[in-house]
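Position one of the sequence shown corresponds to residue 1 (the UniProt record's numbering), numbered consecutively onward.
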Amino acid sequence: MRFLVADDHELIRQAVKSLLRGIDPEAQFDEADSWDTLAAAARPEANHDLAIVDLHMTGMAGASSLATLLKANPALPLVVLSAEESVDEMRAVLAAGALGFVPKREPANVMLKAIELVLSGGAYVPIEALSLIGAARSAPARPACPSPTITTNGPAAALAPHHLHLMENLSPRQREIMRLVHRGCTNKMIARELQVAEGTVKVHLSVIFRALGVHNRSSAIAVINGWLQAGREL
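In structure tokens:
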């Protein structure tokens, strides 16, 4: 496997590389210690299996730099390592296209599991970070979600195998959210239905869309329709 490790501290790069050798002892590495070296290394032809990137290196403009990087190389799976743990930053990172957000304080085994999850086609967000978004305010009445309307997008066989795999690897909570999306629920309706904050729903959807390789609700629903037509259940 080939990894891109980007951090402005050599000690952290060496620690991450050591961790990744636990996944593949024969792993190859490219390294970066600034935005300029990261942008140069993250070229599509390098065929990296994963990039692990510090968000606050010299020359980087936070999540907007990630968006620029992934626009130039949209197939690059990317995990952010960050000493910052603000919910706003986490949301921005996921919206930019990162598949994971791992605080640097996490122990090595947690970081390794997060990396393995992303490599297997999933996405990782720390549970405690989601909880920081806060619980939704209670509401006296919950607007009901509309009945589902299936928009067919070709026969079941048209669903790409990798989409079948990705749907199978959604967590129970992610499937629950996608079930409500399929019914036509807005983020606010989903938040009230699940008794969570609307921001929590947005974070989950960012992770789900990235994991499915789509950019919006309609594309996600097309994936779901193919899933249902293939005889599965949400």
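Even for Gly, the Cβ is constructed at its ideal location relative to N, Cα and C.
- Helix, strand or coil for Pro103 per DSSP? DSSP places Pro103 in strand when its eight states are reduced to three.
- Just to confirm, are Ala27 and Ala41 a CB contact at a threshold of 8 Å? By the CB criterion at 8 Å, Ala27 and Ala41 fall outside the cutoff.
Counting C-beta neighbours from all protein chains within 10 Å, is the total for His48 16 or more, i.e. buried, or is it exposed? Under this definition His48 is a buried residue.
### Task
Note down, one range per segment and in chain order, each beta strand (DSSP E) of at least 3 residues found wholly within the UniProt domain "Response regulatory" (2 to 119).
Within the UniProt domain "Response regulatory" (2 to 119), the runs of beta strand (DSSP E) that reach at least 3 residues and sit entirely inside it are, in chain order, 2 to 6, 28 to 32, 50 to 54, 78 to 82, 100 to 103.
Review point. How many Å lie between Leu205 and Ile177 at the Cα?
Key: Between Leu205 and Ile177, the C-alpha separation is close to 8 Å.
inquiry  = Between the alpha carbons of Leu159 and Val223, how many angstroms are there, rounded?
reply    = The predicted model places Leu159 with a pLDDT of 41, which falls under 50 and marks its position as unreliable, so this point remains unresolved.
*How would you call Pro140, buried or exposed, if buried means at least 16 neighbouring beta carbons within 10 angstroms?*
Model confidence at Pro140 stands at a pLDDT of 42, short of 50, so the residue's coordinates are unreliable and nothing is read from them.
- Message: Just to confirm the assignment, what range does the alpha helix (DSSP H) spanning Ile186 have?
- Response: The sequence shown places Thr at residue 186, rather than the Ile named in the question. No residue range can be given for Thr186, since it is assigned to no alpha helix (DSSP H) and is classified by DSSP as neither H nor E.
- What three-state label does DSSP hand His215 in the structure shown? His215 sits in coil when the DSSP states are folded into three classes, being neither helix nor strand.
task = Specify whether the segment 62 to 73 and the segment 106 to 113 touch according to this definition: at least 3 beta carbon pairs, one from each stretch, less than 8 Å apart.
result = No contact exists between the segment 62 to 73 and the segment 106 to 113.
* Taking the alpha-carbon positions, what's the Thr37 to Gln174 distance? -> Distance between the alpha carbons of Thr37 and Gln174: 36 Å.
Checklist entry - Cα separation between Ser138 and Leu50? => result Interpretation of Ser138 is limited by its pLDDT of 36, a score under 50 that renders its predicted location unreliable; no figure is taken from the coordinates.
#### Entry: CA nearest to the CA of Ser18, picked from Leu112, Val87, Val102
It is Leu112.
Does Asp24 pass the burial test, meaning 16 or more other C-beta atoms within 10 Å, or should it be called exposed?
With fewer than 16 Cβ atoms within 10 Å of its Cβ, Asp24 is classed as exposed.
Looking at C-alpha atoms only, which residue of Glu10, Leu76, Ile221 is the closest neighbour of Glu45? Of the residues Glu10, Leu76, Ile221, the one whose Cα lies closest to the Cα of Glu45 is Leu76.
So, at 7 Å on beta carbons, what are the nonlocal neighbours of Gly59 in its own chain, with the 5 sequence-adjacent residues on each side left out? For Gly59, where only same-chain residues beyond five positions count, the Cβ hits under 7 Å are Ser34, Trp35, Asp36.
task: Select from Ala39, Arg43, Val53 the residue whose C-alpha is nearest the C-alpha of residue 317.
output: Absent from the structure is residue 317, since the part of the chain shown begins at 1 and ends at 234.
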